[in-house]
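Written below as structure tokens is the structure these notes are about.
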Amino acid sequence: MSKLSRRKMIVTGLTATAGASALSLAAHLAQKYGLVPPDHGGLYGPGETLTYASMRLLTRHSLAREFSRNQISQRPLQNEVAPFSEEFKRHQAAKFVDWRLVVDGMVERPMSFSVDQLKSYPSHSQITEVVCEEGWSYIAEWNGVPLSYILDLVGAHPQAKYAFYFSIEPDWWESMDMADAMHSQTIVTYGMNGDELPVGNGGPIRIRLPRQLGYKSVKFLNRLVVTDDVKKFGKGLGSVSPETGYAWYAGI
Ligand SMILES: Nc1nc2c(c(=O)[nH]1)N[C@H]1C(S)=C(S)[C@@H](COP(=O)(O)O)O[C@H]1N2
Ligand SMILES: [Mo]
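In this text, residue positions in the sequence shown follow my numbering: the first is 1491, and each later residue adds one.
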């Protein structure tokens, strides 16, 4: 089944089960607490709002499942990516010494970080699962610096609502709300299973957002923008995903 028709079935089922009254209650709470996702319009709008608002009301601080060392997958999957650009290949040949993560937007001090700089900060490890919306998954140990640490360094403004983040790949960008950006398991990852993060899994650096589906864990990360305005990016739906039929909020 295609992703789109599966989504449609799930949302239709969810809406039918939830019933009209639960939906309007969710919509009411969502408005009241500002829990309306950027892709709230259109065909899946009510479903997206219901999912996002209920997750944020009930599970704002919950943790993604962590696994034990013996559950780490023998062969971590590397999902297919678009062919690498010449620019990326140059970085790769130079062992990513000139790679930078630029962080700006609603921050006191816009900064840019080399991979070595990121590695010099307090590190966090987690054994979590990458879950692709296509139905496969794998478990690995991820090592990196919590995004909250970076956001503290740059002085993210308290009224900011979202962190938008971009890959060096032109059409890969996403955003998360500040609840996820400040969450302890959200990390700027540079290591995997005790080694450097392989390019096939997004090296030199990638976001790991284990509370959401794999497509939110953007590989080849090179820019992050703190903002309160989703309209500035693409079609204003929060990421490229809703532009092609995927949910902006992909909580698991
Ligand atoms: N830049 C970039 N990030 C990406 C992708 C991609 O194609 N390009 N694919 C996404 C999808 S759909 C999934 S499921 C995961 C897969 O991660 P993996 O290659 O480590 O299995 O990466 C996500 N991040
Ligand atoms: Mo995926």
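We put the CB at the ideal spot given by N, CA and C, even for glycine. Note that the structure is predicted; figures quoted are calculated from it, not measured.
Residue i burial status per 10 Å Cβ neighbour count (16 or more: buried)
i            : result
residue 1579 : exposed
residue 1670 : buried
residue 1727 : buried
residue 1452 : Past the edges of the chain, shown from 1491 to 1742, lies residue 1452, and the structure says nothing about it.
residue 1518 : exposed
residue 1572 : exposed
residue 1706 : buried
residue 1589 : buried
residue 1494 : Annotation note: pLDDT 47 at residue 1494 (below 50); position unreliable, no value reported.
Bridge partners - residue i, DSSP secondary structure assignment
i            : result
residue 1667 : 1652
residue 1702 : 1741
heavy atom of ligand 2 below 7 Å from residue i C-beta
i            : result
residue 1705 : yes
residue 1569 : yes
residue 1664 : no
residue 1659 : no
Proximity winner among the options, relative to residue i (alpha-carbon distances)
i            : options                   : result
residue 1612 : 1674, 1716, 1574 and 1552 : 1674
residue 1711 : 1648, 1540 and 1661       : 1661
residue 1556 : 1573, 1659 and 1699       : 1699
residue 1676 : 1655, 1565 and 1659       : 1655
residue 1687 : 1523, 1586 and 1514       : 1586
residue 1563 : 1619, 1648 and 1633       : 1619
residue 1708 : 1544, 1729 and 1720       : 1729
Proximity test, residue i beta-carbon vs ligand 1 heavy atom, cut-off 7 Å
i            : result
residue 1712 : no
residue 1678 : no
residue 1633 : no
I want to know whether the segment 1549-1566 touches the segment 1638-1653 - three or more CB-CB distances under 8 Å.
Because the criterion of three Cβ pairs below 8 Å is not met, the segment 1549-1566 and the segment 1638-1653 do not touch.
Three or more C-beta pairs closer than 8 Å, one from the segment 1725-1741 and one from the segment 1677-1688: is that the case here?
No: fewer than three Cβ pairs fall under 8 Å.
If you pair each beta-carbon of the segment 1534-1543 with each one of the segment 1597-1609, do three or more pairs fall below 8 Å?
Counting C-beta pairs closer than 8 Å gives fewer than three between the segment 1534-1543 and the segment 1597-1609, which falls short of the contact rule.
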